[in-house]
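Engineer: Each residue of the sequence shown is one higher than the last, beginning at 1 in UniProt numbering. Let me begin by handing over the structure; questions about it come next.
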Amino acid sequence: MLSLLHTNLLGSMLTCRAAMKTMIKQQSKSIVNVGGVTGFRGNSGQFMHSTNKELVRFSHALAKEVARKKIKVNVVAPGFVHADMTKRLERKTFKEKYLGGLEPP
Numbered sequence: 001m002l003s004l005l006h007t008n009l010l011g012s013m014l015t016c017r018a019a020m021k022t023m024i025k026q027q028s029k030s031i032v033n034v035g036g037v038t039g040f041r042g043n044s045g046q047f048m049h050s051t052n053k054e055l056v057r058f059s060h061a062l063a064k065e066v067a068r069k070k071i072k073v074n075v076v077a078p079g080f081v082h083a084d085m086t087k088r089l090e091r092k093t094f095k096e097k098y099l100g101g102l103e104p105p
């Protein structure tokens with residue numbers, strides 16, 4: 001559990017911190033983090049996955065903090081991919097609701 005938090009959240013936070021040192025000196029300044037849909041809303045049975053996606057809220061807070069330095073911070077949440085946690089979901093639902101269905105990881 002801790003290794004997931006270290007990789008998914010702490011790793012991204014440390015990378016942002018290291019990148020900002022260089023970005024402050026540059027003209028073009030943009031950080032794009034990759035989050036997940038569960039970062040915007042938690043799902044039942046996915047508490048660990050949702051917790052790891054706290055990167056979404058971190059990115060919002062960081063954006064406010066570094067705005068005065070003209071650094072933009074955004075998060076992309078690409079949606080569902082083929083994974084163990086999506087195997088039980090109906091494929092028809094994805095084809096109807098999401099652009100072309102599931103993407104490979």
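All C-beta atoms, glycine included, are put in the ideal place defined by N, C-alpha and C.
What distance in whole Å lies between the Cβ atoms of lysine 29 and lysine 70, which are believed to be in contact at a cut-off of 8 Å?
Structural biologist: 6 Å
Engineer: My guess is that serine 12 and asparagine 33 are in contact by the Cβ rule of under 8 Å, so how many angstroms apart are they, rounded?
Structural biologist: 6 Å
Engineer: Let me check one thing: in DSSP terms, what residues is serine 30 bridge-paired to?
Structural biologist: Lys72
Engineer: As a quick exercise: from Lys72, Gln27, Met1 and Ser59, pick the residue whose alpha carbon is nearest that of leucine 14.
Structural biologist: Ser59
Engineer: State the Cα-Cα distance for the pair valine 76 and glycine 35, rounded to the nearest angstrom.
Structural biologist: 6 Å
Engineer: Straight-line CA distance for aspartate 84 to proline 78?
Structural biologist: 17 Å
Engineer: For alanine 19, which residues from the same chain have a beta carbon less than 8 Å from its beta carbon, with the 5 sequence-adjacent residues on both sides left out?
Structural biologist: Ile31
Engineer: Considering just the uninterrupted stretch of the alpha helix (DSSP H) at lysine 21, what are its terminal residues?
Structural biologist: 11-23
Engineer: Quick one, which of Met23, Ala63, Lys64 and Glu54 has its alpha-carbon nearest leucine 5's?
Structural biologist: Glu54
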